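Peer 1: In our numbering, the protein residues as written are 134 to 657. Even for Gly, the Cβ is constructed at its ideal location relative to N, Cα and C. No experiment lies behind these values; they were computed from the predicted model shown. Could you have a look at this structure, given as structure tokens, before my questions?
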């Protein structure tokens, strides 16, 4: 049993737990809440709390191939998706609003994410590049090249200053968004790295690989500080819970596992899917986890009770991605059937600002555990229970709103340098003005001086004065420097590739030596 630091009054404990011991049963379409109080020796039931089951609200269609990733904007008004068709699509959640299709990648787009301020998009692709996009109608993008194999995931740090990428070249790379340059690589995985995520406080990175390990990295000393291994399957996806004390892994062996990184202990082990689990997403409260699987279903897990509470049907093939909105009131799923489903959570909503204030108090790795961080007190090998609710919108929703908005194709024009400012056009009515690439992740949208907004139309029609006054010789010199930097980057990439091959050969030599020693030892 996990210990609870400090002593508290039973009433305070009950307030802090706020439903930790709840039990859900289906009653007239609502969930009846039974809260047991072990300290007071009683229980209280509150049926009809107004909570409802998840409901499918909309279905977006526009991609021509399987959708690999989905993410909500911080303000919750937009949704971005990535696909095998090599495109990104930006959807406005308002009805009858046009969608944007971003063209630039040359191969499958494997991952996409909004920056914390919402003024940038980061995408990863099998074309071995990472791109930063301005999510507006101009399609400005900046391309990063450092990986020597397909890139599988991208993730911004909570402050937006850094970006971490994971690749099939067995490396994890960290980028500085302030200067838009490569910082360092992390090497310890011996097979393709499928996912890498920052902790909420940015001090740690968690990664998973096809070498059947999940590793925790310290961003300060750039060392692997913890390692979780599995003898059965590998993790397709991994992420921190909102408080940063636990990680969840989605397994190719059909399992979902919750690890407590403070005590290096497996807390929960769910076997609720009949196919590989491709993605997980924590509810902002940290109390629920939603999973997406190749068995074409979504599952919602109650982490406080350690049980499956909902099974959601709706996709007609493997589900590759799922994500809660920043406030938790919505979640979206996407998969091989090319459609994006938007769901309303209903069962538990919590205001985003309240969540941030609560979690900021618990971001320190060495701090004492909080009651809400402790899920079941002992490891929980989950077995499916009869009270699980299955929701199939095909059977219940007749007039489902299908969103097929007009799509605007936006061809990306790459920036000539890794850090560049561009003039902006006047946005459409209701459309957000996005920040420029000058210190993009550190400048929230809408913080530009008011005077600048009056001149944007003139700036968009002609080059700015600073661009005109740059001498031709200086421009040529800068282009030459960029060419040399590109050659240097390619050289470093080749060296990294050779180092990886050397490590593989050394590993084979050690294994052969071990086998030879084992064969000789019995004779002696």
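Kindly indicate which three-state DSSP category residue 416 falls into: helix, strand or coil?
Peer 2: In the structure shown, residue 416 sits in coil (DSSP, three-state: anything other than H, G, I, E or B).
Peer 1: Quickly, what does DSSP pair residue 432 with across the bridge? List them, please.
Peer 2: According to DSSP, which records beta bridges pairwise, residue 432 is partnered with 424, 444.
Peer 1: Residue 376 to residue 642, Cα distance in whole Å?
Peer 2: Between residue 376 and residue 642, the C-alpha separation is close to 43 Å.
Peer 1: If you follow the beta strand (DSSP E) that residue 258 is in, where does it begin and where does it stop?
Peer 2: Looking at the DSSP string, the run of the beta strand (DSSP E) that includes residue 258 is 254-258.
Peer 1: Three or more C-beta pairs closer than 8 Å, one from the stretch 210-226 and one from the stretch 192-200: is that the case here?
Peer 2: Yes: the two stretches touch, three or more of their Cβ pairs being nearer than 8 Å.
Peer 1: List, from N- to C-terminal side, the beta strand (DSSP E) runs of 3 residues or more that fit wholly inside the stretch 343-392.
Peer 2: Listed in chain order, the complete beta strand (DSSP E) runs (minimum 3 residues) inside the stretch 343-392 are 346-351, 356-362, 368-373, 379-384.
Peer 1: Based on the DSSP secondary-structure assignment, which residues constitute the bridge partners of residue 284?
Peer 2: Residue 284 is bridged to 300.
Peer 1: Start and end of the beta strand (DSSP E) containing residue 203?
Peer 2: Here the beta strand (DSSP E) through residue 203 covers 200-205.
Peer 1: Could you tell me the boundaries of the beta strand (DSSP E) in which residue 449 lies?
Peer 2: Element bounds for residue 449: n/a, residue is neither H nor E.
Peer 1: Could you tell me the distance, in whole angstroms, from the CA atom of residue 467 to the CA atom of residue 374?
Peer 2: Looking at the two C-alpha atoms, the distance is approximately 21 Å.
Peer 1: By alpha-carbon positions, which one of 264, 538, 653 ends up nearest to residue 230?
Peer 2: For the residues 264, 538, 653, the minimum Cα distance to residue 230 belongs to 538.
Peer 1: Could you give the distance in angstroms between the alpha-carbon of residue 301 and the alpha-carbon of residue 460?
Peer 2: Computed Cα separation, rounded: 33 Å.
Peer 1: Which residue marks the beginning of the beta strand (DSSP E) containing residue 401, and which one marks its end?
Peer 2: Here the beta strand (DSSP E) through residue 401 covers 398-403.
Peer 1: Would you check if the distance between the CB atom of residue 417 and the CB atom of residue 480 is smaller than 8 Å?
Peer 2: No; because the gap between Cβ atoms is not below 8 Å, this pair is not in contact.
Peer 1: Nearest to residue 299 by alpha carbon, out of 284, 291, 289, 431?
Peer 2: Checked all of 284, 291, 289, 431; the closest Cα to residue 299 is 284.
Peer 1: Can you give the Cα-Cα distance for residue 252 and residue 281, rounded to whole angstroms?
Peer 2: Cα-Cα distance, rounded: 28 Å.
Peer 1: Count the other C-beta atoms from every protein chain shown that fall within 10 angstroms of the C-beta of residue 261, then say buried if there are 16 or more, exposed otherwise.
Peer 2: Looking at its Cβ environment, which holds 16 or more other Cβ atoms inside 10 Å, residue 261 is buried.
Peer 1: Do residue 249 and residue 277 come within 8 Å of each other at the CB atom, strictly closer than that value?
Peer 2: Result no, Cβ atoms of residue 277 and residue 249 do not sit closer than 8 Å.
Peer 1: Return the residue from the list 200, 232, 218, 189 that minimises the CA-CA distance to residue 210.
Peer 2: Of the listed residues, the one whose Cα sits closest to residue 210 is 232.
Peer 1: With a threshold of 6 Å on Cβ separation, who are the neighbours of residue 410 within its own chain once the five nearest residues in sequence on each side are excluded?
Peer 2: Answer for residue 410: 383, 384, 389, 424, 426, listed in chain order.
Peer 1: Mind checking who residue 467 pairs with in its DSSP beta bridge?
Peer 2: Paired residue(s): 454, 473.
Peer 1: If you measure between the beta carbons of residue 202 and residue 241, is that distance less than 8 Å?
Peer 2: Result no, Cβ atoms of residue 202 and residue 241 do not sit closer than 8 Å.
Peer 1: Answer with buried or exposed for residue 368, where buried requires no fewer than 16 other C-beta atoms within 10 angstroms of its C-beta.
Peer 2: Buried is the call here.
Peer 1: Given this structure, state the Cα-to-Cα distance separating residue 408 from residue 613, to the nearest angstrom.
Peer 2: The alpha-carbon atoms of residue 408 and residue 613 are separated by roughly 52 Å.
Peer 1: For a test of the three-state rule: what should DSSP assign to residue 294, helix, strand or coil?
Peer 2: Looking at residue 294 - three-state DSSP - the assignment turns out to be coil, as it is neither helix nor strand.
Peer 1: Quick one: what's got a C-beta closer than 6 Å to residue 238's C-beta in the same chain, skipping five residues either side?
Peer 2: Cβ neighbours of residue 238 beyond the five flanking positions: 219, 258, 260.
Peer 1: On the three-state DSSP scale, how would you describe residue 607?
Peer 2: Helix.
Peer 1: Pick out whichever of 521, 610, 432, 635 has its Cα sitting closest to the Cα of residue 412.
Peer 2: Considering only alpha carbons, the answer is 432.
Peer 1: For residue 234, count the other beta carbons within 10 Å of its own beta carbon; 16 or more makes it buried, fewer makes it exposed. Which is it?
Peer 2: When all chains shown are included, residue 234 counts as buried.
Peer 1: Please list the terminal residues of the continuous beta strand (DSSP E) segment that includes residue 278.
Peer 2: Start and end: 273-278.
Peer 1: Using DSSP with H/G/I as helix, E/B as strand and the rest coil, what is residue 186?
Peer 2: The answer is coil: DSSP assigns residue 186 none of H, G, I, E or B.
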